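Q: Handing you this structure, nothing more for now.
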Amino acid sequence: MAADTSWMSLRYSEIRKQGLDWNPPTLETSNDARCIIDGEETIMLSANNYLNLTNHPKVIEAMISATRKYGAGSGSVRAISGTMDIHLEAEEKVAEFKKVESSLIYSAGYTVNVGLIPTLVRGSEDIIISDELNHGSIIDGVRLTKARRGVYSHNDMGELEAVLKSNSDAERKLIITDGVFSMDGDIAPLDEVSKLAEEYGSMVYVDDCHGEGVLGEKGAGIVDHFKLQGKVDFETGSFSKALGVQGGILAGSEEVRNHALNHSRSWLLSGSQPP
């Protein structure tokens, strides 16, 4: 006898009654300032394509050229036979752009956070301290750990310090914050976060998906905006916002890259980026 799955229909009915169900609009043209959505001409005000690089002729031509040379996909995960020379070239360019030693490209920004965060802590001897408005991918990554969890009110440095003080016995401390918060658009006081981290011996992890292309010299992001190179341990980002394509970014030291490459399951077990 098949399992009873009617609970899914009941749950769906409940969220529909509340107007909380997703009904994604259908884009029928390129994601441009003016586009066709559900058959109607629309002014696009909801995309993350900040610099319109999705439609830049050089970006389009580069993708066409790479596809002709390498095919439509890699045919494997990066750890086996899916690492192409252009993946390594792109990682070198990302590191240069971010002004760090090294980088690693993931399949998506989400997979960076859910795959990396659980590798940075162990159990109750460690603590993750997270801004209350952090992105859902960070929340999911934290949920996958067995570490203690501390949450501080949005951008409240006094509360962050209080959590650090009350958990001074933690062996590993990890502060995680968005760089630019996706819902409100405000910026984390990363300079103050960095000072507290240094004082209390904590690692710093910033998700800068929405800061890239917007903050810092040549759009390098929030770490560059505050000139904190070398003081932020883990900088994550995305190609799907200002950079106009698709994929996730981890930027940091060579030590960070080697750690993620060997322990982050979302990198190890995901097919590599198409050319």
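With this note's numbering applied, the sequence shown has no gaps in its numbers, which climb one by one up to 283 at the end.
Just so it is clear, CB atoms sit at the ideal spot from N, CA and C, and this is done for glycine as well.
This structure is a prediction, so every number in the text was calculated from the model and none was measured.
(1) Are there three or more Cβ pairs, one per stretch, closer than 8 Å when the segment 234 to 252 is compared with the segment 197 to 210?
(2) Closest to E263 by C-alpha separation, out of S248, F242, A228, would be which residue?
(3) Give the range of the beta strand (DSSP E) segment to which V212 is assigned.
(4) Which residue wins for smallest C-alpha separation from M52, given the options K66, A70, P33, I68?
(5) If you run the structure through DSSP and keep just helix, strand and coil, what is Y160?
(6) To the nearest angstrom, report how far apart V214 and N270 are at their CA atoms.
(7) Would S246 and G144 be called neighbours here (beta carbons separated by less than 8 Å)?
(8) Who pairs with A80 in a beta bridge, going by DSSP?
(9) In terms of DSSP beta bridges, what is T50 paired with?
(10) Any idea if L112 is buried or exposed, counting beta-carbon neighbours within 10 angstroms, 16 or more meaning buried?
(11) Mapping the DSSP letters down to three states, classify K181 as helix, strand or coil.
A: In this structure, then:
(1) yes
(2) Along the sequence shown, read from residue 1 onward, the residue named residue 263 stands at position 255. Closest option to E263, Cα to Cα, is F242.
(3) Within the sequence shown, the letter at position 204 stands for residue 212. Segment 211 to 215, the beta strand (DSSP E) holding V212.
(4) In the sequence shown, residue 52 corresponds to position 44, counting from 1. It is P33.
(5) Here residue 160 refers to the residue found at position 152 when the sequence shown is read from its first residue. Reduced to three states, the DSSP call for Y160 is strand.
(6) Position 206 of the sequence shown holds residue 214. Position 262 of the sequence shown holds residue 270. Their backbone Cα atoms lie some 21 Å apart in a straight line.
(7) The sequence position of residue 246 within the sequence shown is 238, counting from 1. The sequence position of residue 144 within the sequence shown is 136, counting from 1. No, the pair does not count as a contact, with Cβ atoms beyond the cut-off.
(8) Counting from 1 along the sequence shown, the entry for residue 80 is found at position 72. Bridge partners of A80: none, in fact.
(9) Indexing the sequence shown from 1 puts residue 50 at position 42. Paired residues: C43.
(10) Position 104 of the sequence shown holds residue 112. By the 10 Å Cβ count, L112 comes out buried.
(11) By 1-based counting over the sequence shown, the position of residue 181 is 173. K181: strand per DSSP, three-state reduction.
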